[in-house]
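Numbering (the working numbering), first residue to last: -13 to 830. Glycine residues also receive a C-beta, built at the ideal position from the N, C-alpha and C atoms. Okay, so here's the structure we're looking at.
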């Protein structure tokens, strides 16, 4: 039976090719995601290990999980720690984010994701004597007005040694024009993963990044040979004053690496979701392919039964074929997945996450996952057709017409409705957030509904197929009637094929509604709450120099400038944002509706809270708001509760000085400009930041466009990934039609014999394909509208109050489905038209 299974496979290579391709795509997505994820993880781990010393001395509470704060350790500690037993050397570091390199065309280098680092230069070795960045060209900076850049940044910006470099900082001195004196790099390989690096001499770094304070962000203590990091950390701790701690380099590196991996972890989840979608859609293609192939081989299988093969042996033979198909698809998918990982790496390199210097990591778990996913999905998909083989009676081998027994449509309807109900309940529970891990319930609910509709579709789609047959008969005469009858003759096959397209289009429609609704909500929010005349913010969401606000306040025609700044506290799911604003803004520029207390009572060390957030936390005026800021836990008195206001991005608002006192840098995130209405003001404001390309000045319309841009990018990326699922669905239609033509070879020959022309035959096959595609599109659009409206309704509490159904886009999906139906029919129709009439008639 094993040899028979292999011969059967080899005899149907072309028929199985497209089914294999579906598995290849799904496995490739899984492999590509895992390889990229492992490469990303390894690269950050290696990078963080090379950016810490054996022991790191830092302020208590400082962590590699967050960006450097304004908190420092006194420079005198360097001398005191040099005498510690086991210490080979001690070096002070000044580090800050937000030092951007601008190229000769006034464009910022990097900035998308990885940080723009500014630091002092030192040649201290990293922990475990790893080589960090070294001077590979020129020399290190020695005085004010000199800078060293990493090699990749210098190359992208077009700067060479001796040229003036354009830098932008978030400090008091916003624009710098130092001379490039050195190039840094990693002689033994490695990269900054897309971050930019600008280094100054220590005194200049302290003046620019620490407001002139004679201190360091942290201190590295390098261990002598034979001294462990733990031993050295214990010795160093004995010399430290209160408020300063020593951690091993391994601990500091793990903190920083885990924080970055958590921040980009959504990429892995995001890509794996689409891998799962591809596999589900591919599963429909495999089920359909094996169902048709088993039906076509029913006489062959019946003969095997007549010759003595048991039901189990025949079923096992089909499962062996599925196993071989899954193994071949997994092997090809593994290779394609590695190529896909290279593509993903290149794609994210365009957005600033540069991993080009890192080798791809193909872990054993990735190989196991490839074969496990490919083989399991294929065998599960083939089980139902294989199970049907056991129901073939040996006597069927004697018949002229052999047909596979169809499962009860009634049973399919009952199972499908049950899955739809269960999926709807899970979806509702997840959207209402009444269960743990609601995202899993939402995803599982959508999958159950999709599978339930697919199971019940032979029954629920019958009216559509009957209507299509009637329309075809009226429009295309006999050819149309034949096409409609062919679709109705085997509704299970027709709907199984359309289900693959249905899944892809339902998700596409859902995302179209989510994207359109999100943009409409943004527009409404800005229109109703936009205050002032202009908004000033950073291109990258990073803070910028407070000098910008002061300079803009002096522009003719500007009445008020209200500066807002943010601080992110905690990490992961415990992270929370705190905003800071001058209390005077509430009385003059920002309309704030107070529910309790008074915004005028806001002072340093106090806070006002959003009404909903205060309710969730059980806080009222007079209570204490406990929050962990840069310098540790703080108790802020609640002096007011305000109604929701979109201008206040975070639900807790304090004063700028409160954040500065807590160790945050003195920099703004957002400016609201109120003017006298003069048309020339915007030009004057833009001229003021001409040398600061990270800062933009926008009116209401421009601000709305900026807020919509990330939504458009996300939706476009999702559509591109869903395109894979649609590609598999198209292959499914092609495969089904091609196998159907083979199955109906004698019928096609008889049609040609009684006078049906080749053109009419091609038209008939095309009409069958269009029915399949339009059925999938209609089901997909209807469910997509349901999913999208339900999802947006559940998100109304998150500020997405407008539900917008993009009718034009959904109509476009239906039109595209027509095109898909026509294109998918080209090859099968051509093959049907070219069949030899006499051979076709004589086919068994």
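For residue i, the first and last residue of its enclosing alpha helix (DSSP H)
i           : result
residue 684 : Per DSSP, residue 684 belongs to no alpha helix (DSSP H); it is in the beta strand (DSSP E), 681 to 684.
residue 580 : No alpha helix (DSSP H) contains residue 580, which is instead part of the beta strand (DSSP E) from 580 to 583.
residue 599 : 597 to 603
residue 568 : Unbroken run through residue 568: none, as it is neither H nor E.
residue 771 : 744 to 780
residue 831 : In the structure as shown, the chain starts at -13 and stops at 830, and residue 831 therefore has no counterpart that could be examined.
residue 537 : 533 to 539
residue 671 : 667 to 674
residue 41  : Not the alpha helix (DSSP H): residue 41 falls in the beta strand (DSSP E), residues 41 to 45.
residue 67  : 62 to 67
Presumed contact (8 Å Cβ cut-off) between residue i and residue j, rounded CB distance
i           : j           : result
residue 545 : residue 662 : 6 Å
residue 118 : residue 36  : 5 Å
residue 530 : residue 653 : 6 Å
residue 328 : residue 311 : Not a contact, Cβ separation roughly 26 Å.
residue 194 : residue 157 : 6 Å
residue 213 : residue 23  : Not a contact, Cβ separation roughly 36 Å.
residue 148 : residue 165 : 7 Å
residue 597 : residue 628 : 7 Å
residue 593 : residue 608 : Between residue 608 and residue 593 the Cβ distance is about 12 Å, and since that is not below 8 Å, they are no contact.
residue 664 : residue 543 : 4 Å
residue 221 : residue 71  : 5 Å
residue 179 : residue 30  : 7 Å
Where the beta strand (DSSP E) containing residue i begins and where it ends
i           : result
residue 523 : 520 to 524
residue 136 : 132 to 136
residue 550 : 544 to 555
residue 657 : 656 to 661
Top-ranked residue by Cα proximity to residue i, from the options
i           : options               : result
residue 466 : 257, 139, 747 and 25  : 747
residue 612 : 569, 563 and 583      : 563
residue 778 : 753, 202 and 417      : 417
residue 407 : 438, 153 and 427      : 438
residue 894 : 113, 364, 436 and 409 : Residue 894 lies beyond the residue range present for the chain, which begins at -13 and ends at 830; the question has no answer from this structure.
residue 321 : 735, 690, 7 and 679   : 7
residue 500 : 361, 752, 602 and 702 : 702
residue 495 : 762, 132 and 810      : 762
residue 56  : 352, 651 and 421      : 651
residue 40  : 532, 511, 808 and 207 : 207
residue 426 : 435, 412 and 436      : 412
residue 524 : 789, 91 and 692       : 692
residue 754 : 479, 419, 640 and 71  : 479
residue 42  : 80, 740, 12 and 801   : 80
residue 534 : 450, 267 and 655      : 655
residue 60  : 230, 21, 180 and 159  : 230
residue 298 : 265, 373 and 585      : 373
residue 461 : 750, 33, 92 and 790   : 750
residue 77  : 88, 86 and 62         : 62
residue 357 : 348, 366, 333 and 319 : 319
residue 699 : 752, 760, 359 and 504 : 504
residue 201 : 127, 106 and 133      : 106
residue 317 : 360, 806, 301 and 330 : 360
Residues that residue i bridges to, as DSSP identifies them
i           : result
residue 357 : Residue 357 is not bridged to any residue.
residue 501 : Residue 501 pairs with nothing; no bridge assigned.
residue 562 : 555
residue 644 : Bridge partners of residue 644: none, in fact.
residue 594 : 626 and 639
residue 489 : Partner(s): none; residue 489 has no beta bridge.
residue 618 : 615
residue 57  : Residue 57 pairs with nothing; no bridge assigned.
residue 530 : 654
residue 610 : 623
residue 688 : None, per the DSSP bridge assignment.
residue 150 : 165
Which ranges would you report for the beta strand (DSSP E) in the segment 73 to 134 if only whole runs of at least 3 residues count? Along the segment 73 to 134, the beta strand (DSSP E) occurs as fully enclosed runs of 3 or more residues at 73 to 79, 81 to 83, 86 to 88, 102 to 106 and 120 to 124, listed in sequence order.
Could you name each continuous alpha helix (DSSP H) segment of 4 residues or more that falls completely within the segment 398 to 481, going from the start of the chain to the end? Qualifying alpha helix (DSSP H) stretches, in chain order: 424 to 446 and 448 to 475.
Alpha helix (DSSP H) runs wholly inside the segment 152 to 234, at least 4 long, in chain order: Counting only runs of 4 or more, we get 188 to 195 and 215 to 223.
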